[in-house]
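If you're matching them up, the sequences are chains D and G in order.
Taking the working numbering, the leading residue of the first sequence gets 1, the next gets one more, and so forth.
Taking the working numbering, the leading residue of the second sequence gets 1001, the next gets one more, and so forth.
In this text, a Cβ means the ideal position worked out from N, Cα and C, and glycines have one as well.
All values reported here derive from a predicted model rather than from experimental measurement.
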Amino acid sequence: MRRLPQLTITSALVLSLSACGSDAEDSESADLTVWFMENSVPGEAMDWLVEEFESQHDGASLNIQVQPWPGIVELLQTSLPDAGQTPDLVEVGNTQAATFTSVGAFSPVDDILEDLGGDSLVESGLEAGSWEGEVFAPPLYSGSRILFYRQDLLEEAGIEVPTTIGELEEAAIELNEANPEDSDGFTGIYLPAADPKTLEGWLFTYGGDYATQNEDGTWKGNLSSPESIEALEAAQRLMEEGSEYVQDSNEAVQAASELFNAGNIGFYSHLAFAEHDIDEELWEDDQVGVMPLPGLEEGEPGVTFAGGSSMAISAASEHQEMSQEVMRLIYSEEFQTMLAEEGWAPGNLDYAGGLEGPTSEAHEIAVEASQLTPNTPDWGVADSAMLPAEIWTRIGNGEDVEEVAAEIDAELEEILND
Amino acid sequence: MYAPAPPTPARASRIRQRVTPYALLLLPCALVILALGYPMARQLVMSFQEFGMAQQFGQPPEWVGLDNYLSILSDSYFWVVTGRTLIFTAGAAGATMIIGVGLAVLMQRVSSAVRVTLQLTLIFAWATPVIAAVAIWRLMVDHRHGVVNDVLAGIGLSGFQGFHWLQANTFTFLLVGAVVVIWASTPLVALATYAALTQVDDEVLEAAQLDGADLARTLWHVVLPIIKPVLILLAILQVIWDLRVFPQIYSLQQGAGSTSETNLLGTYIYHTGVGGGSYGMASALAMIMLLLLIILTWRYVRILSRQGDLT
Chain D
1 MRRLPQLTIT SALVLSLSAC GSDAEDSESA DLTVWFMENS VPGEAMDWLV
51 EEFESQHDGA SLNIQVQPWP GIVELLQTSL PDAGQTPDLV EVGNTQAATF
101 TSVGAFSPVD DILEDLGGDS LVESGLEAGS WEGEVFAPPL YSGSRILFYR
151 QDLLEEAGIE VPTTIGELEE AAIELNEANP EDSDGFTGIY LPAADPKTLE
201 GWLFTYGGDY ATQNEDGTWK GNLSSPESIE ALEAAQRLME EGSEYVQDSN
251 EAVQAASELF NAGNIGFYSH LAFAEHDIDE ELWEDDQVGV MPLPGLEEGE
301 PGVTFAGGSS MAISAASEHQ EMSQEVMRLI YSEEFQTMLA EEGWAPGNLD
351 YAGGLEGPTS EAHEIAVEAS QLTPNTPDWG VADSAMLPAE IWTRIGNGED
401 VEEVAAEIDA ELEEILND
Chain G
1001 MYAPAPPTPA RASRIRQRVT PYALLLLPCA LVILALGYPM ARQLVMSFQE
1051 FGMAQQFGQP PEWVGLDNYL SILSDSYFWV VTGRTLIFTA GAAGATMIIG
1101 VGLAVLMQRV SSAVRVTLQL TLIFAWATPV IAAVAIWRLM VDHRHGVVND
1151 VLAGIGLSGF QGFHWLQANT FTFLLVGAVV VIWASTPLVA LATYAALTQV
1201 DDEVLEAAQL DGADLARTLW HVVLPIIKPV LILLAILQVI WDLRVFPQIY
1251 SLQQGAGSTS ETNLLGTYIY HTGVGGGSYG MASALAMIML LLLIILTWRY
1301 VRILSRQGDL T
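Here's what the structure looks like:
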C-alpha cells in the first residue's frame, strides 16, 4: 500500500510529460524524423535534405533513419499510430501505400500538392497514393528491373543478344551450359526465388497476374489462368536449366553484384542504380550490355513490376506544418534531380532530365511498360505473409506448377477478400 | 490489581512476521501487474472484438462475441499449427532435459580441469544472444557454403550436397529450429542439475554402494528422487519456453520458402496480428495458447507448490 502514492506521482509525471509533448507542436525547436528505405534515396540527397532543412529552420533538426524493406509493413503498423513512436515522414513502397492510406495513417497533402509538383507528378503514382479522392502519398520515384548482361561472354559462346523473352530463356540456358570462361559457380542468368520483383517480369510479360478483380470488387486468384501457368512453367524451366543460385537468401541477393563483377553471371536483373555497383573496368572494356526485359514478340518490351516509392506524413506526427516543409524540399528540383541521377525515374517528371548514363534508355522503356501488383490495401498483407516469394521458391524447388498455382490462388483469395 | 498487560516484544515481532511477507510480495506483484496485467487485459478484451488495421489507427472496434474463437477453432490450419507446436515442444524440451542431465552427470565424473572447460563452454552458449545464435546456425546449415552439408557430403552422404534445410520441408526446418533452441537452453539445465547433484549427500551414495546398487540403480532410485524438484522446475521452464518460442523460428523463416509451412503458434500469432493486421484474431489465438500452456503445466506447477510432496 505504501507504494501507491509513488505510483500516482509517476503517472502524474507521465501525463504532464505527454501534455508537454503536444504543446510543442511546430515550435522552433522541433526534432523531426524521416524514414527512408534501404537502396533508395542516395546518401548525397539525404545530406542535402538535412542541411537545407536545418539552415532554413533555426533550432529545428532533421534525423534520417534508413529502414530495411523486409518487415517494413509490420514496423509501420506498430509505429505509425503512436505519437510517441511515429516518424514524422515515411517512405513507403507504392504497393504498400493503400494499406495505410485506407485507414487514415497519413495526413492528406492536397493543400500543398501544387508545391510538390501538381500535374507534373507521375499519374499512376498519384493514384496509388490516393484514397477516396484525397492524396496522401505522392510518388517519390519509380523504377523497374532491367537486364545487365556480359556481351563479351555471349560473343565467346556464339550466342546472339536475345530480342524476345523466349530467346532470352534459350540464351541463358545455352550460356549456362557453355560457361565460356570456365568460371566456378557460373550461372547463365541470376534468378533467385527470393527476388520476386524480377520473376514477376515473367508472370506479367506472358500476360498473367497474381489476382484480378471481379466486377463486384472481390478478388480472384489468377495464377491458374493459362497465361500465368505458361509464365510459371517458363520461369521454372529457366530456374532449373539456366540458373544456379535459385535458393539464394535475401541477403545474398543484395550482394549479387559481386558475383556479376567476378564474372559468374551472364544475365543479371536489377534496378538501374546497380550500374554504380558494377566494376568501372567492365564498363570501360565494353563488356556490359543493358536492355529492358524483352517481350513476347521482337521489338516489344516485356512487362516488369512497376516498382516505386511514395512519401507521406504520419497523421500522428506532432509536427504537421514542419513536415510539410520537409515534403516541399523532397519534391524540390534539387532533391528530385539527385534521385534521377541515381537511376530512378523521379516522381516529378519535370526533373527526369537528370536520368542519364548507360541504363537510362533501357530503364525508360521498362518503366513505360511496367505494371503494378494488385492494387488493394490487403496486398500489403499478402506481401508480409511472403506469398510472392513463396510461389517462386516452391516452383524453383521443382514443385508441380499447377498444384502450387491452385494453392496460392486459394490463399490469395482468402487474404485479398478479407 | 490486574493492570492490562502491555504488548510484549514477542507479540510485536509476531505481527511483523505476519506482515513482512505480504510487504515483500507487494513490489513484485505491482511490477507484474504493471508490465503484464494491462496488456493481458487488453488482449482479453480485444479477443472479443473485430480489431484490425482501421482500429489500430483509431476507428472504434466492434464487439463480435466469440466469433474470433469460433473461427479459429473451426480452422483446420490452427490445428495443424497446434499439433506441430506440441510435437516441437515435446521434442525440443525432452531433448534439452536428456542432454542437459546427461552433461551434468558427466561433469560429476570427470577431472576438474575438464569440468571447468565444459562449464565455461556451456556458459558461452548460454550467453550468446538469440539472434546472433540463429545467424550462426543459418550460416552453418547454408545450402551452398554451410559446414553441415560439407561434413555430411564428406562422409559419403552425397545427397546433402546443396541440400536446403530451411526450404526442403517442414520437418527439416523444425529440426534446425529445434537444434538452435536445444543448443541455447541445454546449458541452464546442465548447470542447474549439476548444482543439484552436488547437494546429494556422499554418505547416501556410499550406503547405496554398500548395498550393492550399480550406477544406473543408484541414479534412478537414490539420486533422482533427491534432485526431482529441480528437474521438474527445469522441465516446466523448458515447456514454457519451447511452446512460445518466437525469435528463433521467426528469424529462420526469413530463409525459408513458406511461412505457412513453417509456422509454430508464436509466429502464427505474429503473422496474423502484426503482419496481417487482424489484432482481434491474434489476441484470441494468444488466449488459446495461454490456456494450452496452463493445461500442459498445471499439474506440475501444483506439485511444485506443494513442496512437501516432492522430497
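May I have the straight-line CA-CA distance separating residue i from residue j, to the nearest angstrom?
{"i": "Glu251 of chain D", "j": "Pro1060 of chain G", "result": "40 Å"}
{"i": "Pro108 of chain D", "j": "Glu413 of chain D", "result": "30 Å"}
{"i": "Glu403 of chain D", "j": "Glu233 of chain D", "result": "12 Å"}
{"i": "Glu1203 of chain G", "j": "Leu1210 of chain G", "result": "10 Å"}
{"i": "Glu407 of chain D", "j": "Ser1076 of chain G", "result": "15 Å"}
{"i": "Leu271 of chain D", "j": "Phe305 of chain D", "result": "11 Å"}
{"i": "Val1176 of chain G", "j": "Leu1066 of chain G", "result": "37 Å"}
{"i": "Gly217 of chain D", "j": "Asn375 of chain D", "result": "12 Å"}
{"i": "Met327 of chain D", "j": "Met311 of chain D", "result": "8 Å"}
{"i": "Ser317 of chain D", "j": "Ala83 of chain D", "result": "6 Å"}
{"i": "Cys1029 of chain G", "j": "Ala1012 of chain G", "result": "26 Å"}
{"i": "Tyr141 of chain D", "j": "Leu339 of chain D", "result": "7 Å"}
{"i": "Val1147 of chain G", "j": "Ser249 of chain D", "result": "17 Å"}
{"i": "Arg1109 of chain G", "j": "Val1239 of chain G", "result": "29 Å"}
{"i": "Gly396 of chain D", "j": "Ser243 of chain D", "result": "10 Å"}
{"i": "Gly266 of chain D", "j": "Asn214 of chain D", "result": "41 Å"}
{"i": "Thr187 of chain D", "j": "Leu1191 of chain G", "result": "50 Å"}
{"i": "Tyr206 of chain D", "j": "Ile165 of chain D", "result": "9 Å"}
{"i": "Met1 of chain D", "j": "Arg1016 of chain G", "result": "With a pLDDT of only 37 at Met1 of chain D, under 50, the local geometry of the prediction cannot be trusted, and the value read off the model is given with reservation. Going by the C-alpha atoms only, they are around 16 Å apart."}
{"i": "Ala1133 of chain G", "j": "Glu333 of chain D", "result": "47 Å"}
Residue range of the alpha helix (DSSP H) that residue i falls in?
{"i": "Phe1171 of chain G", "result": "Thr1170 to Thr1198"}
{"i": "Ile1136 of chain G", "result": "Val1130 to Met1140"}
{"i": "Asn261 of chain D", "result": "Ala256 to Asn261"}
{"i": "Ser310 of chain D", "result": "Not the alpha helix (DSSP H): Ser310 of chain D falls in the beta strand (DSSP E), residues Gly307 to Ile313."}
{"i": "Val50 of chain D", "result": "Gly43 to Gln56"}
{"i": "Ser1112 of chain G", "result": "Ser1112 to Ala1127"}
{"i": "Pro226 of chain D", "result": "Pro226 to Glu241"}
{"i": "Ala1282 of chain G", "result": "Tyr1279 to Ser1305"}
Could you pull the start and end residues of the beta strand (DSSP E) that residue i belongs to?
{"i": "Glu91 of chain D", "result": "Leu89 to Gly93"}
{"i": "Asp31 of chain D", "result": "Asp31 to Met37"}
{"i": "Met386 of chain D", "result": "Unbroken run through Met386 of chain D: none, as it is neither H nor E."}
{"i": "Ile189 of chain D", "result": "Thr187 to Tyr190"}
{"i": "Ser269 of chain D", "result": "Ile265 to His270"}
{"i": "Phe148 of chain D", "result": "Ile146 to Arg150"}
{"i": "Gln65 of chain D", "result": "Ser61 to Gln67"}
{"i": "Trp219 of chain D", "result": "Trp219 to Gly221"}
{"i": "Pro139 of chain D", "result": "Pro139 to Gly143"}
Would you mind sorting residue i into buried or exposed? The rule is 16 or more other CB atoms within 10 Å of its CB.
{"i": "Gly1255 of chain G", "result": "buried"}
{"i": "Ala1135 of chain G", "result": "exposed"}
{"i": "Leu1139 of chain G", "result": "exposed"}
{"i": "Phe1171 of chain G", "result": "exposed"}
{"i": "Leu1122 of chain G", "result": "buried"}
{"i": "Gly1156 of chain G", "result": "exposed"}
{"i": "Phe1051 of chain G", "result": "buried"}
{"i": "Ile72 of chain D", "result": "buried"}
{"i": "Leu1265 of chain G", "result": "buried"}
{"i": "Trp1137 of chain G", "result": "buried"}
{"i": "Asp182 of chain D", "result": "exposed"}
{"i": "Leu191 of chain D", "result": "buried"}
{"i": "Asp378 of chain D", "result": "buried"}
Tell me which same chain residues have a C-beta within less than 7 Å of the C-beta of residue i, skipping the five on either side of it?
{"i": "Asp110 of chain D", "result": "Glu134 and Val135"}
{"i": "Trp93 of chain D", "result": "The question names Trp, yet the displayed sequence has Gly at residue 93 of chain D. Closer than 7 Å at the Cβ level, and outside the excluded window around Gly93 of chain D, lie Ser309."}
{"i": "Glu399 of chain D", "result": "none"}
{"i": "Ile159 of chain D", "result": "Ala171, Glu174 and Leu175"}
{"i": "Leu121 of chain D", "result": "Pro138, Pro139, Gly347 and Asn348"}
{"i": "Leu1120 of chain G", "result": "none"}
Please work out which residues of its chain come closer than 6 Å, Cβ to Cβ, to residue i, disregarding the five sequence neighbours upstream and downstream, and give them in chain order.
{"i": "Phe204 of chain D", "result": "Val303 and Gln371"}
{"i": "Thr198 of chain D", "result": "Arg145 and Ser269"}
{"i": "Thr212 of chain D", "result": "Lys220 and Asn222"}
{"i": "Glu1261 of chain G", "result": "Thr1170"}
{"i": "Trp392 of chain D", "result": "Ala193, Pro196 and Leu199"}
Under 8 Å Cβ to Cβ from residue i, same chain only, skipping five residues before and after it: list those, please.
{"i": "Ala1235 of chain G", "result": "Ala1093, Met1097 and Tyr1300"}
{"i": "Ile1227 of chain G", "result": "Thr1193, Ala1196, Leu1197, Gln1199 and Val1200"}
Going by the C-beta, is residue i closer than 7 Å to any heavy atom of the ligand ATP?
{"i": "Phe1246 of chain G", "result": "Looking for the ligand ATP in the displayed structure turns up nothing, as the structure carries no ligands at all."}
Whose Cβ in chain C lies nearer than 8 Å to the Cβ of residue i?
{"i": "Arg394 of chain D", "result": "Although the question refers to chain C, the structure presented lacks it and instead comprises the protein chains D and G."}
In chain order, which alpha helix (DSSP H) runs of at least 4 residues are fully inside the region 1022-1096 of chain G?
-> For the alpha helix (DSSP H) assignment, the uninterrupted runs of no fewer than 4 residues enclosed by the region 1022-1096 of chain G are, from N- to C-terminal side, 1038-1046, 1053-1056 and 1067-1073.
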